[in-house]
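Working notes for the structure below.
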Amino acid sequence: MTALDLVRAELAFAGCDGWCYAELIDRPGTGLGIGQDVPVVVASMYKLHLMVAACRAAAAGTLDLTQRVTITPNEHTPGPTGFALFADDVEVSIRDLVRMMITVSDNTAAEAVQRLLPAGALDETLLALDLQTTVIRGGVRAQQQLTISELGARDWQDAAHLLATDPATDQVHAYDPAYVSHSTARALCQLMRAIWTNTASDPQQCAFMREVLGQQIWPHRIASGFPLASTAVAGKTGTIGRIRAETAVVQPDGEPPVVVCVVTRAARADAALPTVDTAIGRIARLLVNEIRTGAQL
0 MTALDLVRAE LAFAGCDGWC YAELIDRPGT GLGIGQDVPV VVASMYKLHL
50 MVAACRAAAA GTLDLTQRVT ITPNEHTPGP TGFALFADDV EVSIRDLVRM
100 MITVSDNTAA EAVQRLLPAG ALDETLLALD LQTTVIRGGV RAQQQLTISE
150 LGARDWQDAA HLLATDPATD QVHAYDPAYV SHSTARALCQ LMRAIWTNTA
200 SDPQQCAFMR EVLGQQIWPH RIASGFPLAS TAVAGKTGTI GRIRAETAVV
250 QPDGEPPVVV CVVTRAARAD AALPTVDTAI GRIARLLVNE IRTGAQL
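Note that numbering that gives the first Met the number 0 has the sequence shown beginning at 0, numbered continuously upward.
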């Protein structure tokens, strides 16, 4: 069986559809994948694009990442992590809003960063990095409101419960790339490659982005497929309902980095899909090992 045959077997065992891609950072266009040019829902991986836009604005002098802002409870965007759990006002720099947005996928931080971006900064970023297949439609709050309205839910907690448990929610717009922020596995890898090659912004800002991506706390997807004692993994997850995904850079000790993206859509709704999460790590390892073997690393 080929590596891609094994990837398909992993997807079948986990009970999900999947789209994936991997390539060496320094050899763009020489990777392999399945459905790597098919539009996919990015979920919280859109926060990668927000981070790059903020850092490009900082490099251009139009956004001061050290500026301090106050986040109040009435500004919270629902989410299981970060400032949404806080009872009191918090004063924080924009730089650390970016850090929270990536490391714990803080929805409130992401909404704040998006509000603080200079006008047109996000569109300029997509254009400058030639991300032609990427569309960012609003932020987390807009997506939540769309889903709440479509499901007739009381609030986001109710909507999230329905997405996670009700088979009848399979056709909601949250799962349709045409209605929400979307990209492709290849384009998500392209964005990460730009960060690793200092072309997403200036070297100082790219170093900051690499640092923050390396601080992401979630070990249950791509990182689960690698021996972390000898492999560095830096990435960003995305999750909504049946969608489980991650884009990451994987670097075994003494070897060049490989960028990999895995996006899945489970056949069944469930709040926890550990088999799918594990499959994402196993698929990433299959792809990365195939790239390493082909490059004779």
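From the three backbone atoms N, C-alpha and C, an ideal C-beta is built for every residue, glycine too. Treat the numbers as computed from the prediction; the structure is a model and nothing was measured.
In the structure shown, residue 165 falls within a coil segment according to DSSP collapsed to helix, strand and coil. Under DSSP, residue 21 shares a beta bridge with 31 and 259. Residue 194 is not a Cβ neighbour of residue 103, given a cutoff of 8 Å. Here residue 158 has 146, 147, 150 and 152 as same chain residues with Cβ atoms under 6 Å from its own Cβ, once five neighbours each way along the sequence are excluded.
Burial check for residue 81: the Cβ neighbour count within 10 Å reaches 16 or more, so the residue is buried.
Remark: three or more beta-carbon pairs, one from each stretch, lie closer than 8 Å, so the segment 116-130 and the segment 42-61 are flagged as touching. For residue 265, the secondary structure class from DSSP, reduced to helix, strand or coil, is strand.
The residue from 258, 178 and 36 with its alpha-carbon nearest to that of residue 231 is 258.
For residue 284, the enclosing alpha helix (DSSP H) begins and ends at 273-293. For the alpha helix (DSSP H) assignment, the uninterrupted runs of no fewer than 4 residues enclosed by the segment 180-237 are, from N- to C-terminal side, 184-195 and 202-213.
Taking 8 Å as the cut-off, the Cβ atoms of residue 19 and residue 286 count as close.
In this structure residue 265 is in contact with residue 14, their Cβ atoms being roughly 6 Å apart against a cut-off of 8 Å.
Rounded to the nearest whole angstrom, the C-alpha separation of residue 17 and residue 272 is 14 Å. Between the alpha carbons of residue 245 and residue 73 lies a gap of roughly 30 Å.
In the three-state reduction of the DSSP assignment, residue 241 falls in the coil class, being assigned neither a helical nor a strand state. Of the other Cβ atoms in all chains shown, fewer than 16 fall within 10 Å of the Cβ of residue 86; this residue is therefore exposed.
Unbroken beta strand (DSSP E) runs of no fewer than 3 residues, entirely contained in the segment 57-100, are found at 67-70 and 89-92, following chain order. Only exposed fits residue 84, as fewer than 16 other CB atoms lie within 10 angstroms of its CB. By the beta-carbon neighbour count (other beta carbons within 10 angstroms, threshold 16), residue 66 is exposed. Out of 112, 29, 75 and 252, the CA that lies nearest to the CA of residue 289 is found in 29. Under the three-pair Cβ rule at 8 Å, the segment 50-65 does not count as touching the segment 156-170. Rounded to the nearest whole angstrom, the CA to CA distance from residue 229 to residue 201 is 29 Å. Of the residues 239, 132, 175 and 89, the one whose Cα lies closest to the Cα of residue 190 is 132.
In this structure, DSSP gives residue 124 a helical state, which the three-state scheme calls helix. With a contact defined as Cβ atoms closer than 8 Å, residue 41 and residue 219 miss out at about 19 Å.
In the DSSP annotation of this structure, residue 132 is not part of any alpha helix (DSSP H), being labelled neither H nor E.
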